[in-house]
Amino acid sequence: MSKYIFVVGGVMSGVGKGIAAASIGRVLQGKGYSVSAIKIDPYINVDAGTMNPTEHGEVFVTEDGDETDQDLGNYERFLDKNILSDNYMTTGRVYQTVIERERNLEYGGKCVEVVPHIPEEIIRRITDATKKSETEIMLIEVGGTIGEYQNMLFLEAARMMKMQNFHDVIFVLVSFLPVPSKVGEMKTKPTQYAIRTLNSAGIRADFVLCRAEKPLDKIRKQKIAISGSIFPDHIISAPDVESIYEIPINFEAEEVGNKILKLFGWGPKMGAPGLADWQSLVNTIETVDQPVKIGIVGKYFKTGDFVLKDSYISVIEAVKHACWFHNRKPEIEWINSEVYEKEPEKLEELKKYDGVIVPGGFGSRGIEGKILTIKYLRENKIPFFGLCYGLQLATIEFARNVCGITNATSEEIDSDSKEQVIHIMPDQVENIKHNRYGSTMRLGAFPCVLSENSISFKAYNKKEISERHRHRYEVNNEYREQLEQAGLVFAGKSPDDRLVEIIELPDHPFFVATQFHPEFKSRPLVGHPLFNEFVKACMGKNGVDGSRGVETEDGELQIVNY
Ligand code: GLN
Numbered sequence: 001m002s003k004y005i006f007v008v009g010g011v012m013s014g015v016g017k018g019i020a021a022a023s024i025g026r027v028l029q030g031k032g033y034s035v036s037a038i039k040i041d042p043y044i045n046v047d048a049g050t051m052n053p054t055e056h057g058e059v060f061v062t063e064d065g066d067e068t069d070q071d072l073g074n075y076e077r078f079l080d081k082n083i084l085s086d087n088y089m090t091t092g093r094v095y096q097t098v099i100e101r102e103r104n105l106e107y108g109g110k111c112v113e114v115v116p117h118i119p120e121e122i123i124r125r126i127t128d129a130t131k132k133s134e135t136e137i138m139l140i141e142v143g144g145t146i147g148e149y150q151n152m153l154f155l156e157a158a159r160m161m162k163m164q165n166f167h168d169v170i171f172v173l174v175s176f177l178p179v180p181s182k183v184g185e186m187k188t189k190p191t192q193y194a195i196r197t198l199n200s201a202g203i204r205a206d207f208v209l210c211r212a213e214k215p216l217d218k219i220r221k222q223k224i225a226i227s228g229s230i231f232p233d234h235i236i237s238a239p240d241v242e243s244i245y246e247i248p249i250n251f252e253a254e255e256v257g258n259k260i261l262k263l264f265g266w267g268p269k270m271g272a273p274g275l276a277d278w279q280s281l282v283n284t285i286e287t288v289d290q291p292v293k294i295g296i297v298g299k300y301f302k303t304g305d306f307v308l309k310d311s312y313i314s315v316i317e318a319v320k321h322a323c324w325f326h327n328r329k330p331e332i333e334w335i336n337s338e339v340y341e342k343e344p345e346k347l348e349e350l351k352k353y354d355g356v357i358v359p360g361g362f363g364s365r366g367i368e369g370k371i372l373t374i375k376y377l378r379e380n381k382i383p384f385f386g387l388c389y390g391l392q393l394a395t396i397e398f399a400r401n402v403c404g405i406t407n408a409t410s411e412e413i414d415s416d417s418k419e420q421v422i423h424i425m426p427d428q429v430e431n432i433k434h435n436r437y438g439s440t441m442r443l444g445a446f447p448c449v450l451s452e453n454s455i456s457f458k459a460y461n462k463k464e465i466s467e468r469h470r471h472r473y474e475v476n477n478e479y480r481e482q483l484e485q486a487g488l489v490f491a492g493k494s495p496d497d498r499l500v501e502i503i504e505l506p507d508h509p510f511f512v513a514t515q516f517h518p519e520f521k522s523r524p525l526v527g528h529p530l531f532n533e534f535v536k537a538c539m540g541k542n543g544v545d546g547s548r549g550v551e552t553e554d555g556e557l558q559i560v561n562y
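Counting along the sequence shown from 1, when you hit position 426 you're at 426 in the working numbering, and nothing is skipped either side.
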């Protein structure tokens with residue numbers, strides 16, 4: 001029998017519910033249990049794929065090609081396992097199934113109602129995903145905050161599950177305790193209300209994780225415990241941290257794992273791995289001081305007066321993992337390349353970076369600035385790593401400035417151009433023609449064959465790899481020969497040779513771009529081979545000295561293969 005932990009939010013969103021769920025999971029894995037996690041997003045969208053990046057943040061792509069919420073990325077990074085499409089749910093998805101079933105007469109002529117049929121479908125999805133992933137403990141993060149209209153039916157499903165399996169379901173409320181600057185005191189009232197709002201949905205919180213700038217003191221713990229009828233030692237202090245990777249360690253110090261297991265009538269398993277590997281990662285994060293300065297060219301930052309970097313979260317994390325892998329301190333800066341379109345003399349500032357990443361993107365805004373950036377990096381031998389759109393733009397740059405195809409462009413940018421070195425994949429034409437945008441890109445994991453002698457081959461140390469994709473356009477094969485003759489190396493291709501997956505340039509410290517998104521598969525303890533190789537190039541001659549590898553018998557450090 002599996003156990004279920006619902007993680008719900010109180011007071012306000014954006015206080016790290018996903019990271020809290022992922023951290024609880026990591027702690028329980030350390031106790032020897034198999035753990036997985038489900039994300040529930042209460043919006044109507046069937047998936048996150050059609051949303052604007054400033055609206056939603058990153059779209060995280062799973063191995064099986066689902067376009068999901070960035071929290072699935074957190075789960076994968078913390079739990080060090082692939083999380084599949086079954087573990088992602090939206091209101092749209094739930095209703096879609098119920099309506100389809102009704103149309104197929106699967107409710108046997110009954111009146112299909114919001115309650116109980118919607119919560120029942122939610123429960124079916126949760127239990128099915130748990131069975132399929134063979135997990136002992138499933139975390140279920142309910143998006144939004146309690147008291148919101150949007151997630152009511154998910155809470156109703158959770159309540160029903162609790163009633164059906166009383167000892168197998170628990171609730172963790174992630175709350176927020178403000179310290180108003182004029183008052184100077186940490187206030188518990190919003191949390192007290194959140195606990196009561198949850199009670200009015202028929203749910204009692206077993207734990208309250210108190211997110212705040214500072215640790216929670218005894219007085220406030222007592223207050224929340226008494227007003228909310230919760231055991232004082234189930235009120236957990238969760239103060240802000242320098243790095244999110246510290247959180248499992250902090251939870252372990254508060255014995256969160258053992259306390260949860262006790263409620264389930266379980267305890268740590270014999271020979272459980274503990275958190276030693278995680279602790280060593282945190283030690284590295286806390287001690288690294290030699291910086292590697294990486295610039296990321298982006299555009300999806302602005303929401304009103306605020307700047308968010310959520311759209312690039314997996315890229316950011318992958319850079320950090322690779323830097324830590326090499327015992328270096330990641331220093332990430334944002335480059336707005338649109339500036340270079342008007343003031344090309346500013347390109348000089350790119351010299352201050354040890355390396356630059358051009359990540360994925362869509363549409364034509366800022367494209368020329370990105371192409372100028374890539375040209376500068378190529379000519380000035382500054383390490384360059386292109387991801388998805390980054391590969392397409394690097395190909396355009398090379399076609400224009402090395403092959404002399406002056407007007408080279410992508411069909412996405414200019415659909416009438418005669419020189420589309422990047423064009424739409426043939427199987428995508430119909431999708432666009434009929435406005436079929438939802439979940440129709442080339443999505444998920446596909447194999448890729450690497451050329452021996454390439455930088456990529458050296459990085460992965462194997463010939464066939466598998467990486468995740470999300471795109472509609474590709475390198476136009478009609479230009480392959482011309483590009484190749486001018487020196488562009490197609491270092492990775494689909495096994496049928498139809499699609500270019502990686503381009504590289506020799507005689508450059510690191511000029512590599514991928515049609516896939518390697519960032520989705522980067523994990524904190526080992527990094528990702530291409531990001532590791534990129535950061536190594538950014539470190540210049542220092543190479544891998546002192547990297548966080550595996551210690552060999554004679555005490556030498558050796559890089560772990562992916
Ligand atoms: N816009 C490009 C395409 O659809 C690249 C997509 C991306 O960077 N994810 O092919």
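By construction, the Cβ of each residue, glycine as well, lies at the ideal position given by its N, Cα and C atoms.
Check this for me: beta carbons of Gly18 and Asn74, under 8 Å apart or not? For Gly18 and Asn74, yes; Cβs fall inside 8 Å.
Any idea which residues DSSP pairs Val526 with across the strands? The beta-bridge partner set that DSSP reports for Val526 is empty.
Given that a residue counts as buried once 16 or more other Cβ atoms are within 10 Å of its Cβ, and exposed if not, what is His321? A buried status is given to His321, since no fewer than 16 other beta-carbon atoms sit within 10 Å of its beta-carbon.
Look at the alpha carbon of Ala401 and the alpha carbon of His434, and state the distance between them as a whole number of angstroms. The sequence given here has Asn at residue 401, not Ala. Linking Asn401 to His434 through their CA atoms gives a straight-line distance of about 36 Å.
Cα-Cα separation between Pro524 and Thr284, rounded to whole angstroms: Straight-line Cα distance between these residues: approximately 11 Å.
Starting from Phe171, follow its DSSP beta bridges and name the residues at the other end. Partner(s): Phe6.
The ligand ATP heavy atom lying under 7 Å from the CB of Gln150: Inclusion of the ligand ATP in the displayed structure is not the case, the ligand content consisting of the ligand GLN alone.
My guess is that Leu79 and Gln29 are in contact by the Cβ rule of under 8 Å, so how many angstroms apart are they, rounded? Yes, Leu79 and Gln29 are in contact; Cβ-Cβ is about 6 Å, under 8 Å.
Which word fits Phe231, buried or exposed, when buried means at least 16 other C-beta atoms lie within 10 angstroms of its C-beta? The residue in question, Phe231, is exposed, as its Cβ has fewer than 16 Cβ neighbours within 10 Å.
Cross-strand partners of Phe60 (DSSP beta bridge): The secondary-structure analysis by DSSP pairs Phe60 across a beta bridge with Thr68.
Touching by the beta-carbon criterion (3+ pairs, under 8 Å), the region 488-504 and the region 278-293: No, because fewer than three Cβ pairs between the region 488-504 and the region 278-293 fall closer than 8 Å, the two stretches do not touch.
Less than 7 Å between the CB of Arg498 and some heavy atom of the ligand GLN, yes or no? Incorrect: Arg498 has no Cβ contact closer than 7 Å to the ligand GLN.
Apply the 10 Å Cβ neighbour rule to Lys541 and answer buried if 16 or more other Cβ atoms are within range, or exposed otherwise. With a pLDDT of only 45 at Lys541, under the threshold of 50, the placement of this residue in the model should not be trusted; the figure read from the coordinates follows. That one is exposed.
Of the choices Ile424, Phe490, Pro509, Gln279, whose alpha-carbon is the least far from that of Glu246? Per the Cα distances, Gln279.
For Val544, does the three-state DSSP call read helix, strand or coil? Residue placement at Val544 is poorly supported in this model, since its pLDDT is 42, which falls under 50; the coordinates still yield a value, given next. Taken through DSSP and simplified to helix, strand or coil, Val544 comes out as coil.
Cβ-Cβ separation, Thr191 to Val11 (assumed contact under 8 Å), whole Å: Rounded, the Cβ-Cβ distance is 6 Å, consistent with contact.
Does the beta-carbon distance from Lys269 to Tyr33 come in below 8 Å? With contacts defined by Cβ atoms closer than 8 Å, Lys269 and Tyr33 form a contacting pair.
Using the Cβ count rule (16 or more neighbours within 10 Å means buried), how would you classify Thr90? Thr90 comes out buried.
Mapping the DSSP letters down to three states, classify Ala486 as helix, strand or coil. In the structure shown, Ala486 adopts coil according to DSSP, grouped into three states.
Kindly indicate the opening and closing residues of the beta strand (DSSP E) around Cys448. Its beta strand (DSSP E) spans residues 442-450.
Contact set for Leu352: own chain, Cβ-Cβ below 6 Å, skip 5 residues either direction: Strictly speaking, residue 352 in this sequence is Lys, with Leu absent from that position. Excluding sequence neighbours, Lys352 sits near nothing in its chain.
Suppose you measure from the CA of Pro119 to the CA of Tyr95; what does that come to, to the nearest Å? When rounded, the distance between both Cα atoms is 10 Å.
Taking 8 Å as the cut-off, decide whether the C-beta atoms of Ile236 and Phe154 are in contact. In this structure, Phe154 does not lie closer than 8 Å to Ile236 by Cβ.
Buried or exposed: where does Thr514 fall if 16 or more other Cβ atoms within 10 Å of its Cβ makes it buried? It is buried - the Cβ of Thr514 has at least 16 other Cβ atoms within 10 Å.
Alpha carbon to alpha carbon, how far is Gly92 from Tyr43? Give it in angstroms, no decimals. The straight-line gap separating the alpha-carbon atoms of Tyr43 and Gly92 is approximately 7 Å.
Is it buried or exposed, Val512, if we count other Cβ atoms within 10 angstroms and call 16 or more buried? With 16 or more other Cβ atoms within 10 Å, it is buried.
Taking the alpha-carbon positions, what's the Asp69 to Gly265 distance? Going from the Cα of Asp69 to the Cα of Gly265 covers about 32 Å.
Quick one, which of His423, Ser454, Met1 has its alpha-carbon nearest Lys462's? Out of His423, Ser454, Met1, Ser454 has the C-alpha closest to the C-alpha of Lys462.
For a test of the three-state rule: what should DSSP assign to Val15, helix, strand or coil? Val15: coil per DSSP, three-state reduction.
From Ala157 to Gly147, what does the alpha carbon distance come to, in whole angstroms? Approximately 15 Å, taken between the alpha carbons.
When you compare only the Cα positions, how much space is there between Val475 and Cys403? Taking the straight line from one Cα to the other gives about 15 Å.
Measure the alpha-carbon distance for Val114 versus Pro53 and round it to whole angstroms. Val114 and Pro53 have their C-alpha atoms spaced approximately 31 Å apart.
Runs of alpha helix (DSSP H) wholly within the region 205-270 (minimum 4 residues, chain order): Every alpha helix (DSSP H) of 4 residues or more that sits fully in the region 205-270 is shown, in chain order, as 218-228, 247-253, 256-263.
Which of helix, strand or coil DSSP assigns to Gly274: For Gly274, the secondary structure class from DSSP, reduced to helix, strand or coil, is coil.
Have a look at Val27 and Ala253 and give me their C-alpha separation to the nearest angstrom. Distance between the alpha carbons of Val27 and Ala253 is about 10 Å.
Count the CB pairs spanning the region 415-433 and the region 341-358 that are closer than 8 Å, and state whether there are at least three. Contact between the region 415-433 and the region 341-358 is not established, with fewer than three Cβ pairs separated by less than 8 Å.
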